[in-house]
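Top to bottom, those sequences are chains A and B. If you use the numbering used here, the first sequence corresponds to residues 149 to 258, in order. If you use the numbering used here, the second sequence corresponds to residues 55 to 168, in order. One structure below.
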Amino acid sequence: AQRVTQPEKLLSVFKGAPVELKCNYSYSGSPELFWYVQYSRQRLQLLLRHISRESIKGFTADLNKGETSFHLKKPFAQEEDSAMYYCALSGLDSNYQLIWGAGTKLIIKP
Amino acid sequence: NAGVTQTPKFQVLKTGQSMTLQCAQDMNHNSMYWYRQDPGMGLRLIYYSASEGTTDKGEVPNGYNVSRLNKREFSLRLESAAPSQTSVYFCASSEVGTASYEQYFGPGTRLTVT
């Protein structure tokens with residue numbers, strides 16, 4: 149069954165520290181992976197997708213097919229990174245619609 | 055541009071009542087979606103409309119109906135609300151109906167069914 153797991157409901161780190169938000173997935177084929185973010189009082193929005201191999205706001209995510217993971221990383225956290233982060237996948241089995249993780253709330257302490 | 059708008063923002067219903075959640079987008083997108091979000095869970099797709107004139111069931115369609123009124127508007131109807139439908143509902147749109155295209159979200163509707 150296709151599934152996205154974000155094992156941490158809450159992650160709290162100090163400003164300037166590295167951040168890693170974990171995302172593990174279960175999917176039999178080759179999925180596309182995404183990170184969406186919701187800042188306080190803002191709407192849910194796309195942060196990055198693995199197929200673009202981009203870095204947005206200093207965040208990167210590498211698809212590890214062997215470990216079926218797509219962890220989101222940033223070397224130096226900033227206070228404005230505090231938000232809810234959602235990992236999602238899509239593929240043929242989901243009719244190319246998004247399957248979402250439960251989300252991780254990231255708090256950056258000053 | 056307002057993007058994706060949803061009405062109402064909040065709603066309380068009694069079991070058995072009906073209501074329609076409205077969604078509109080001004081980005082000329084072809085595809086629109088309705089999700090629900092429950093505590094401790096990710097968003098789950100209720101229905102989507104890949105293009106005007108088409109609708110398809112998502113992961114959790116039971117108890118809901120949708121109407122793609124025109125290219126701009128996509129409504130979600132609860133015919134007989136149940137407490138299990140207490141949730142936050144999000145509408146979204148995208149240029150094309152696959153996840154490869156960024157989805158743009160509305161602000162959400164918080165629905166409580168007592």
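For each residue, glycine too, the CB sits at the ideal point set by N, CA and C.
Nonlocal neighbours in the same chain, by C-beta distance under 7 Å from residue i, ignoring five residues either side
{"i": "residue 174 (chain A)", "result": "149, 150, 151 and 216"}
{"i": "residue 65 (chain B)", "result": "73, 163 and 165"}
{"i": "residue 132 (chain B)", "result": "72, 73, 117, 118 and 139"}
{"i": "residue 91 (chain B)", "result": "97, 141, 142 and 144"}
Nonlocal neighbours in the same chain, by C-beta distance under 6 Å from residue i, ignoring five residues either side
{"i": "residue 255 (chain A)", "result": "160 and 230"}
{"i": "residue 206 (chain A)", "result": "222"}
{"i": "residue 137 (chain B)", "result": "167"}
Cβ of residue i within 8 Å of any chain B Cβ
{"i": "residue 218 (chain A)", "result": "no"}
{"i": "residue 177 (chain A)", "result": "no"}
Spatial neighbours of residue i in its chain, beta-carbon cut-off 8 Å, leaving aside the 5 residues before and after
{"i": "residue 227 (chain A)", "result": "163, 256 and 258"}
{"i": "residue 115 (chain B)", "result": "100 and 101"}
Beta bridge counterpart(s) of residue i as assigned by DSSP
{"i": "residue 119 (chain B)", "result": "B:131"}
{"i": "residue 60 (chain B)", "result": "B:77"}
{"i": "residue 171 (chain A)", "result": "In DSSP, residue 171 (chain A) forms no bridge with anything."}
{"i": "residue 153 (chain A)", "result": "A:172"}
{"i": "residue 90 (chain B)", "result": "B:98 and B:143"}
{"i": "residue 150 (chain B)", "result": "None, per the DSSP bridge assignment."}
{"i": "residue 162 (chain A)", "result": "A:257"}
{"i": "residue 218 (chain A)", "result": "Partner(s): none; residue 218 (chain A) has no beta bridge."}
{"i": "residue 104 (chain B)", "result": "Per DSSP, none; premise fails for residue 104 (chain B)."}
{"i": "residue 124 (chain B)", "result": "For residue 124 (chain B), which the question treats as bridged, DSSP gives no partner whatsoever."}
Residue-chain proximity (residue i, chain A), Cβ-Cβ < 8 Å
{"i": "residue 160 (chain B)", "result": "yes"}
{"i": "residue 163 (chain B)", "result": "no"}
{"i": "residue 147 (chain B)", "result": "no"}
{"i": "residue 96 (chain B)", "result": "yes"}
{"i": "residue 74 (chain B)", "result": "no"}
Assumed close pair residue i, residue j - CB separation to whole angstroms, cut-off 8 Å
{"i": "residue 134 (chain B)", "j": "residue 75 (chain B)", "result": "Not quite, the Cβ-Cβ distance comes to about 15 Å (not below 8 Å), so this is no contact."}
{"i": "residue 224 (chain A)", "j": "residue 166 (chain A)", "result": "7 Å"}
{"i": "residue 95 (chain B)", "j": "residue 158 (chain B)", "result": "Not quite, the Cβ-Cβ distance comes to about 22 Å (not below 8 Å), so this is no contact."}
{"i": "residue 248 (chain A)", "j": "residue 209 (chain A)", "result": "That pair is no contact at about 15 Å."}
Quiz item: Relative to chain A, which residues along the stretch 101–120 of chain B have a C-beta separation below 7 Å, given in chain order?
Solution: 102 and 112
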